[in-house]
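Input: a single structure, listed below in structure tokens.
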Amino acid sequence: MKFLDIVPVDRTSRSSRRAEAKCEMDQSTAERERDHRHLDLLRTAAGFGSSLDAARIAEDLATLLVTGSDFADVAMVDVAQAVLEGDVLPAAVRFGGLRMRRLGTAQRGGGWQAGLPGAGAETPTVPDSPALHELQQGRPLLINDFGLLRATLGGDSDLIRSVLPEHAQSGLSVALYARGLLLGGVTVWRNGPAAPFDEDDAVVFEQIACLTALSLDNARRALREERAAVALQSSLLPPALFENTAAETVGMYVPADTDAGVGGDWFDVITLPSVRTAFVIGDVVGHGIYASAAMGRLRTAVQTLADMELEPDELLACLDDLVARLDRQREDQSIPQGEVLGTTCLYAVYDPGERRCTLASAGHPPPVLVKPDGTAQFVDVVPGPPLGIGGMPFEPVEIDLEPGSALVLYTDGLLGFPSGDIEAGMEQLRRVLQSEVRADRGLEDTGHRVMAELVGTPCVDDVTALFIRTRAIPSQDMAMREFPADPSVVADARVWASRQLAVWELEEMAFTTELVVSELVTNAIRYAGGPVGLRLIRDRALVCEVSDPSNTHPRLRRAHDTDEGGRGLFLVAQLTDRWGSRYTRSGKTIWTEQPLAPPR
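According to the working numbering, the residues represented by the sequence shown are 10 to 609, in order.
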């Protein structure tokens with residue numbers, strides 16, 4: 010029988026090897042878990058780029074480093090003031106020369122330690138030191154020697170308390186750099202008995218800081234562009250308050266509370282000859298600085314066309330052609346420009362002498378008329394197509410306005426009913442205006458009340474409104490008369506004008522006015538072949554108007570020595586301050602203005 014040799018087992022050696030293997034396995038598992046946590050931190054930090062709010066980015070970073078992981082027990086995120094204001098950052102600046110504000114704070118267990126600057130506070134300036142130079146170079150700074158830290162802070166107990174949290178055992182700090190610009194810094198602390206920060210933590214922390222810095226710089230650049238667009242738009246809009254003989258107006262603009270930026274809404278009030286006033290409101294497609302620039306181009310175009318004294322429908326037709334041409338040019342050029350195709354616009358002209366307003370719309374919401382008795386209703390204006398679309402004519406509508414009537418022009422942002430129902434939004438607007446527009450309430454106060462009630466929070470679209478309270482020329486400041494188309498009435502017209510000036514105590518202007526009336530009435534009788542209207546208005550200037558049923562265009566020319574005629578309009582132009590003509594559906598009107606002498 011053969012016996013098997015029995016070899017004794019070295020149990021101590023085997024047990025030791027198993028322990029070592031288990032230790033290596035545990036260490037490997039711990040390292041893998043740590044790597045996974047670090048990757049999760051980086052993935053979350055990469056998501057900060059979806060926001061353009063610097064305060065939110067900083068707060069999210071602090072929360073991520075503390076409550077969203079076990080990376081730190083205390084986190085502080087400091088951001089340069091220039092980032093919050095959208096200003097230009099200097100290319101080379103030291104920490105001590107950069108004004109910082111703490112935007113993000115987080116502490117395990119909640120709350121915030123007394124003595125440490127909280128969210129919104131300005132952070133203290135630390136003395137220059139080699140450690141600060143390390144940060145300045147963009148390298149993370151491990152803080153494990155607190156004695157050295159206190160010495161670096163100059164032994165200043167107040168400064169130490171504002172920088173070093175209680176119970177902190179280890180710290181890590183890194184600068185926030187993006188595109189070569191210093192935007193701030195972030196510091197984290199671990200309390201005992203947690204393991205101190207090491208080089209691996211520093212590497213991950215630096216990567217998180219890089220991602221956050223890019224997000225912060227994107228927020229700064231977006232804010233800078235938005236503020237530039239707002240500044241551009243503000244510079245292009247007229248003063249909010251305006252007042253003349255025809256009307257009192259208040260314009261209001263509220264930009265959208267979105268990342269899209271300021272839009273292309275605009276309003277305008279244009280003084281026209283013969284004491285008339287034009288009211289304009291429009292909405293350019295899109296948002297941002299290009300929309301503001303496009304708005305500026307269209308506003309300038311409307312002002313130029315208004316100076317030509319076109320009827321509202323004719324002005325919109327010219328503007329429609331211009332927008333179509335600008336859109337073709339935009340497609341042919343590689344330079345980014347604002348989208349003008351599809352712009353909506355409403356143009357109205359009010360004559361306080363006739364107490365009549367003529368309106369035309371290019372795809373714009375109808376204005377609201379609030380009568381002196383308080384009833385509010387939408388003006389029945391037929392909206393033509395938006396500008397640049399073409400295909401349909403613009404139809405004018407005339408409405409009579411009693412003195413004290415209120416006319417409200419607005420963009421569609423004011424109809425932002427929560428359900429998206431435009432009809433419900435229009436009805437709500439009508440009810441609010443009927444409630445808030447009162448004769449005993451100032452127009453500016455009325456505008457603020459209406460906007461406060463109708464503009465939501467957040468404001469999802471730009472809102473622009475133009476509040477107008479119309480006036481009429483007092484009867485004692487205007488006189489009119491109609492004469493038949495007979496050359497013999499020219500003398501009667503001169504006498505009538507002279508007597509009216511005597512009533513107004515403007516006898517010193519009688520000679521010039523008689524000459525102007527004689528020339529204009531004679532021309533109207535010669536070429537019009539119909540009744541001639543004569544109107545005098547005493548305003549800031551003496552206005553003289555002669556109307557006739559003809560559409561012939563008056564031409565100013567310099568007559569030759571041998572010419573028997575052709576000097577009438579030339580004399581009128583020399584004797585008056587301004588002159589011009591406009592066409593109506595019943596003919597044309599030639600007007601002149603003579604400045605009134607200041608009251609003695």
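Every residue, glycine too, gets a C-beta built ideally from N, C-alpha and C.
Every value quoted in this text rests on a predicted model; they were computed, and no experiment measured them.
Discussion item. Does residue 318 come out as helix, strand or coil in the three-state DSSP assignment?
Written reply: coil
Discussion item. Bridge partners for residue 603 per DSSP, in chain order?
Written reply: 551
Worksheet item: The alpha helix (DSSP H) spanning residue 505 covers which residue range?
Response: 498-512
Practice prompt. Report the partner residues of residue 386 according to the DSSP bridge assignment.
Written response: 378
Worksheet entry | DSSP three-state assignment for residue 85, whether helix, strand or coil | strand
Discussion item. Looking at the secondary structure, which residues open and close the beta strand (DSSP E) in which residue 360 lies?
Written reply: 353-360
Worksheet item: Going by beta carbon distance, what residues of the same chain come within less than 7 Å of residue 308, once the five residues before and after it are set aside?
Response: 245, 275 and 277
Worksheet item: Three-state secondary structure (DSSP) at residue 403?
Response: coil
Worksheet item: Are residue 51 and residue 289 touching if we call contact CB-CB under 8 Å?
Response: no
Worksheet entry | Cβ pair residue 577, residue 528 closer than 8 Å | yes
Worksheet item: Counting along the chain, where does the beta strand (DSSP E) carrying residue 518 start and finish?
Response: No beta strand (DSSP E) holds residue 518; DSSP gives it neither H nor E.
Discussion item. Let me check one thing: in DSSP terms, what residues is residue 556 bridge-paired to?
Written reply: 542 and 598
Discussion item. Going by the DSSP bridge assignment, what does residue 392 pair with across the sheet?
Written reply: 370
Discussion item. According to DSSP, simplified to helix, strand and coil, what is residue 365?
Written reply: strand
Worksheet item: Which residue from 351, 256 and 488 puts its Cα closest to that of residue 481?
Response: 256
Worksheet item: Does at least one heavy atom of the ligand FAD sit under 7 Å from the Cβ of residue 330?
Response: Of the ligands one can find in the structure shown there are none, so the ligand FAD has no counterpart to examine.
Worksheet item: In the structure shown, what three-state DSSP assignment does residue 227 receive?
Response: helix
Practice prompt. Return the CA-CA distance between residue 573 and residue 579, expressed in angstroms with no decimal places.
Written response: Low confidence applies here, because residue 573 scores a pLDDT of 42, under 50, leaving its location unreliable; read the following figure in that light. C-alpha separation (whole angstroms): 14 Å.
Discussion item. Quick test of your reading: residue 522 and residue 551, contact by CB under 8 Å. State the CB separation rounded to the nearest angstrom.
Written reply: 7 Å
Worksheet item: Tell me the DSSP bridge mates of residue 200?
Response: 177
Worksheet entry | Segments of 3+ residues assigned as beta strand (DSSP E) that fall wholly inside the stretch 225-296 | 250-252, 256-263, 272-280 and 286-296
Worksheet item: For residue 381, which residues of its own chain have a beta-carbon under 7 Å away from its beta-carbon, when the five flanking residues on both sides are left out?
Response: 411, 413, 414 and 448
Worksheet entry | Option nearest residue 394 by Cα separation, candidates 358, 363, 228 and 325 | 325
Practice prompt. Hey, could you find the ends of the alpha helix (DSSP H) residue 612 is sitting in?
Written response: The structure shown does not extend to residue 612, since the chain spans only 10 to 609, so no value can be given for it.
Worksheet item: Could you give the residue range of the alpha helix (DSSP H) that holds residue 65?
Response: 63-75
Worksheet item: Closest to residue 224 by CA distance: which of 63, 89 and 111 is it?
Response: 63
Item to complete: Starting from residue 415, follow the beta strand (DSSP E) in both directions and report where the run begins and ends.
Response: 415-419
Discussion item. Between the alpha carbons of residue 554 and residue 601, how many angstroms are there, rounded?
Written reply: 7 Å
Discussion item. Does residue 370 pass the burial test, meaning 16 or more other C-beta atoms within 10 Å, or should it be called exposed?
Written reply: buried
Item to complete: Assign residue 14 to buried or exposed, taking buried as 16 or more other Cβ atoms, counted over all protein chains shown, within 10 Å of its Cβ.
Response: In this prediction, residue 14 scores a pLDDT of 36, lower than 50, which makes its location untrustworthy; no coordinate-derived value is stated.
Worksheet item: On the three-state DSSP scale, how would you describe residue 154?
Response: coil
Worksheet item: Beta-carbon separation of residue 359 and residue 285 under 8 Å?
Response: yes
Practice prompt. Report the residue from 502, 485 and 261 whose alpha carbon sits nearest the alpha carbon of residue 454.
Written response: 261
Worksheet item: Which partner residues does residue 95 have in the DSSP bridge list?
Response: DSSP output for residue 95 lists no bridge partner at all.
Worksheet item: In or out: residue 331 buried (at least 16 other Cβ within 10 Å) or exposed?
Response: buried
Fill in: Other residues of its chain near residue 147: CB distance less than 7 Å, five sequence neighbours each side excluded
184 and 186
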